[in-house]
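Everything on this sheet refers to the single structure shown next.
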Amino acid sequence: MLDYNELTVPEATLLQRELQEKVMLAPYKGPLNYIAGADISFNKFSTTVYAGIVLLKFPSLIPVGYSLVKKEVHFPYVPGFLAFREVPALLDAWEQLPLKPDILVVDGHGIAHPRRMGIASHFGVLAQQATIGSAKKKLYGVYEEPGPEKGSVSLLTDRKGQVLGNVLRSKTNVKPIFVSPGHLVDVPDSLRILRQCIQKYRLPEPTRLAHNAVNQFRLGAIPEGWTGMS
DNA sequence: GCGACAG
DNA sequence: ATCTTGTCGC
7 MLDYNELTVP
17 EATLLQRELQ
27 EKVMLAPYKG
37 PLNYIAGADI
47 SFNKFSTTVY
57 AGIVLLKFPS
67 LIPVGYSLVK
77 KEVHFPYVPG
87 FLAFREVPAL
97 LDAWEQLPLK
107 PDILVVDGHG
117 IAHPRRMGIA
127 SHFGVLAQQA
137 TIGSAKKKLY
147 GVYEEPGPEK
157 GSVSLLTDRK
167 GQVLGNVLRS
177 KTNVKPIFVS
187 PGHLVDVPDS
197 LRILRQCIQK
207 YRLPEPTRLA
217 HNAVNQFRLG
227 AIPEGWTGMS
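Following my numbering, the numbering of the first sequence begins with 7 at its first residue and continues without gaps.
Next comes the structure, spelled out in structure tokens:
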């Protein structure tokens, strides 16, 4: 693939506009027996990133395996261009997965992005994979604060009213999370599916477990590569 | 010019 | 994102 490390922000913007035309949003029809979560971890000031994807059975959400990879990145973190830092490493982890999930939940936004091209959409188009973005903070859009009760939701839209995703109160009296479709899924289904991934914590199991995995990996508690669980 | 600003 | 202890509230 193209080397993102040498791209300038203007060039990255052009690429986002090109890839954006390939994003497909539609109700999710396929099967849903496996779901996965993707995340990245790194040491502050370091150019080494630790990427990981955790595969879980659905709807039990029991983890069945994970893929972990280490990679060098030079593209800086620039709001709106997160994909250029994390997607390359995530694709490496993706290729190592013996079994691809039906849906991949990415830590970050999908179309809830200035150019509708958040990391979940970016990854989805490149991997031709159905993806959902689950973020802890807003990047773009406007919304009304959902009720304090677990399960409350409100729409996230652009200033013209176009729907970008949902703001979901996954736990009572806890900050909400932002859910948006990445690729090959639509807004209603991305929310419906993500809701089924909430168990005991604020964050959905797929990305929560992926986050734990990449952190342990970075700290040397887990070896690189693919490992089935059971 | 002033805020906002995924990870 | 990461670092980092205690503290407040359900």
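By construction, the Cβ of each residue, glycine as well, lies at the ideal position given by its N, Cα and C atoms. What you are looking at is a predicted structure, and each value in this text was computed from that prediction instead of being measured.
Cβ neighbours of Gly86 within its own chain (closer than 6 Å, five residues either side excluded): Pro120.
Going by DSSP, Phe90 is part of the alpha helix (DSSP H) stretching over 89-102. Nearest Cα to Ala216 within the set Leu110, Gly116, Val185: Leu110.
With at least 16 other beta carbons inside 10 angstroms of its own, Val193 counts as buried. Per DSSP, Asp9 has no beta-bridge partner at all. For Ser52, no alpha helix (DSSP H) encloses it, and the DSSP letter there is neither H nor E. Only residues of its own chain outside the window of five on either side were considered, and among them Lys156, Arg208 have a CB closer than 6 Å to the CB of Lys177, listed in chain order. Judged by DSSP in its simplified three-state form, Ile125 adopts helix. Around Arg175, the same chain offers Pro152, Gly153, Pro154, Glu155, Lys156, Gly157, Ser158, Val159, Pro182 as residues with beta carbons nearer than 8 Å, after the five sequence neighbours per side are excluded. Assignment of Phe184 by DSSP, reduced to helix, strand and coil, places it in the strand class. Your pair Ile199 and Ile138 checks out as a contact, with CB atoms roughly 6 Å apart and the cut at 8 Å. Per DSSP, Asn218 is one residue of the alpha helix (DSSP H) stretching across 211-224. DSSP places Pro229 outside both helix and strand once states are collapsed to three, so it counts as coil. As computed with DSSP, Pro69 is found in a beta bridge with Leu62. For Ile199, the enclosing alpha helix (DSSP H) begins and ends at 193-201.
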